[in-house]
Amino acid sequence: MYRQYGQIPFIMIVSALIIFVLSRIGGVNSRTAITEFSVRKLLGATSGNIYTLLVIESFYISMTSVLLSLIILDLNIFNEVVSIRSYFSPPDIINLTFLVASIVFVSVLTGLVPAYRLSKIDLAQR
């Protein structure tokens with residue numbers, strides 16, 4: 046009556062737990078970042094410096110996550126653990142272009158929003 050789709054419920058539960066833990070860690074890191082960028086502004090960093098720093102940092106994090114995900118996807122160990130068949134084919138030029146464009150878009154987007162908020166910090170309240 047019901048088909049068995051590997052260990053999809055297990056994957057969903059583990060994914061939800063990982064997302065929850067990462068969100069908590071992100072909250073702690075954001076409070077630390079506010080202090081860090083307040084010090085940077087007190088030492089003379091401009092808003093442009095903050096924007097540049099956060100976009101570059103976001104780009105490196107995005108590149109690292111893409112490379113790690115491609116490595117994990119290529120490992121047969123991952124397929125055996127989750128009982129799902131995934132096929133990894135060599136990328137063609139269209140997929141590579143889409144991948145690079147996605148990385149740049151995500152990096153800029155995830156770097157500009159926090160940079161805008163951090164550049165508007167009122168140092169008198171810190």
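Numbering (this note's numbering) for the sequence shown: 46 to 171.
Heads up, the beta-carbon is just placed ideally off N, CA and C, and yes, glycines get one too.
Is the CB-CB distance between residue 151 and residue 107 below 7 Å? yes
Within the continuous alpha helix (DSSP H) that includes residue 91, where are the two ends? Segment: none, residue 91 is in no alpha helix (DSSP H) and carries neither H nor E.
Could you pull out every residue in the same chain whose Cβ sits closer than 8 Å to the Cβ of residue 100, ignoring the five residues on either side in sequence? 152, 153, 156, 157 and 160
Rounded to the nearest angstrom, how far is the Cβ of residue 163 from that of residue 82, given a contact under 8 Å? 4 Å
Just the Cα atoms here: how many angstroms apart are residue 91 and residue 76? 20 Å
When you compare only the Cα positions, how much space is there between residue 46 and residue 57? Low per-residue confidence applies at residue 46: pLDDT is 42, beneath 50, and the placement is therefore not dependable, though the value from the model is reported in the following sentence. Whole-angstrom Cα-Cα distance: 22 Å.
Three-state class that DSSP yields for residue 167 in the structure shown: coil
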